[in-house]
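Worksheet: one structure, shown below.
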Amino acid sequence: MKIGSLLLAAAMFAAIAIAVANSPANAATKNIEALEPLGDTALRGFVDRTVSANLEVRAARAKMKAGARRAEAAAKPLYNPEIEYESENTEASSRTIELAMDIDWSGKRKARSRVGSAESLVDRANYSATVQGIAVGLLEAMAEHQIWREIQRLATTSSDIMSNFRSQAERRAQIGDINRMELDLAIQAAAQAKLEQASAAGRQAIGVQNVRAFGVDTAVVEWPDLGEHLPQLSISADQLQQFVQQLPDIR
């Protein structure tokens, strides 16, 4: 797999992940449909499960639901009717029932309802932005992990080649075929290849931890690959415009 192709695919996947944020706000999770352009079912499921279970996303979802409840409460009437009953037993018994209710002349209920709806929209946009950020960050971390995994594989191959080169140089030095300077250069090259292999292994380990930081607890071997081919998107200009209008920053 070419590293350049993987970088390009990762960038495309990260852009597509924004679609996750556009799932209906009143649904617990409908990210699978939004991730349809990712193509690979395993990758879609992996991202959806991780994003849905992420603590930041769960907190934003709870805040969004609480905001919706507050908006509903703000839209309710300010005043409730009151009933009073009086009874008097005398020579002329009398009973009185009184129904009273304050009237909202100043439009407080309408104002509260509009404010509540606006605050609810903010909570929904914040939730969408959180989902978008987690999805994009996860895919970027996965891309970085795969890139360093590929680099480590190449570094391991290079280290094996240079170790073999060093062994051959040592044998040739013993029979006087090469001088000491040439042998030292071979030893230095093999040591440099080992160092680069260890460095790549360390960067890959960091990449694994960066992916796990999003709440991924499955084995690394179970993680889906992004692949090196770009997903095919078939959307019209109007659909693209609608997509842009639904981005959290625009909203």
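Going left to right, the sequence shown walks through residues 85 to 335 as my numbering numbers them. Note that the Cβ used here is the ideal one computed from N, Cα and C, for glycine as well.
Would you call residue i buried or exposed, if buried means 16 or more other Cβ atoms sit within 10 Å of its Cβ?
i           : result
residue 245 : exposed
residue 248 : exposed
residue 233 : buried
residue 120 : Residue placement at residue 120 cannot be trusted, given a pLDDT of 49 that sits under 50; what the coordinates show is reported in the next sentence. Looking at its Cβ environment, which holds fewer than 16 other Cβ atoms inside 10 Å, residue 120 is exposed.
residue 337 : This structure cannot speak to residue 337, because the chain is shown only from 85 to 335.
residue 225 : buried
residue 183 : exposed
residue 288 : buried
residue 291 : buried
residue 328 : exposed
residue 322 : exposed
residue 109 : Confidence at residue 109 is low in this model, with a pLDDT of 42, below 50, so the placement of that residue should be treated as unreliable; the coordinate-derived value is given next. Classification for residue 109: buried.
residue 131 : buried
residue 178 : exposed
residue 243 : buried
residue 326 : exposed
residue 230 : buried
residue 103 : Because residue 103 sits at a pLDDT of 47, beneath the cut-off of 50, its placement in the model cannot be relied upon, and the point is left open.
With C-beta atoms as the reference, is residue i less than 8 Å away from residue j?
i           : j           : result
residue 209 : residue 332 : yes
residue 262 : residue 135 : no
residue 220 : residue 141 : no
residue 158 : residue 199 : yes
residue 139 : residue 310 : no
residue 239 : residue 284 : yes
residue 170 : residue 180 : yes
residue 267 : residue 254 : yes
residue 150 : residue 201 : no
residue 133 : residue 211 : no
residue 160 : residue 207 : no
residue 299 : residue 152 : no
With which residues is residue i paired in a DSSP beta bridge?
i           : result
residue 240 : Per DSSP, none; premise fails for residue 240.
residue 58  : Coverage of the chain is limited to positions 85 through 335, which leaves residue 58 absent and any answer about it impossible.
I'd like to confirm something about residue i: is its beta-carbon nearer than 7 Å to some heavy atom of the ligand ATP, or not?
i           : result
residue 159 : The ligand content of the structure shown is nil, which means the ligand ATP is not present either.
The alpha helix (DSSP H) with residue i in it runs from where to where?
i           : result
residue 134 : 125 to 137
residue 327 : 321 to 329
residue 267 : 264 to 296
Could you give the C-beta distance for residue i and residue j, rounded to a whole number, given that I count them as a contact under 8 Å?
i           : j           : result
residue 203 : residue 294 : No, residue 203 and residue 294 are not in contact; Cβ-Cβ is about 34 Å, not under 8 Å.
residue 281 : residue 236 : 7 Å
residue 274 : residue 256 : Contact doesn't hold; Cβ gap of about 14 Å is too wide.
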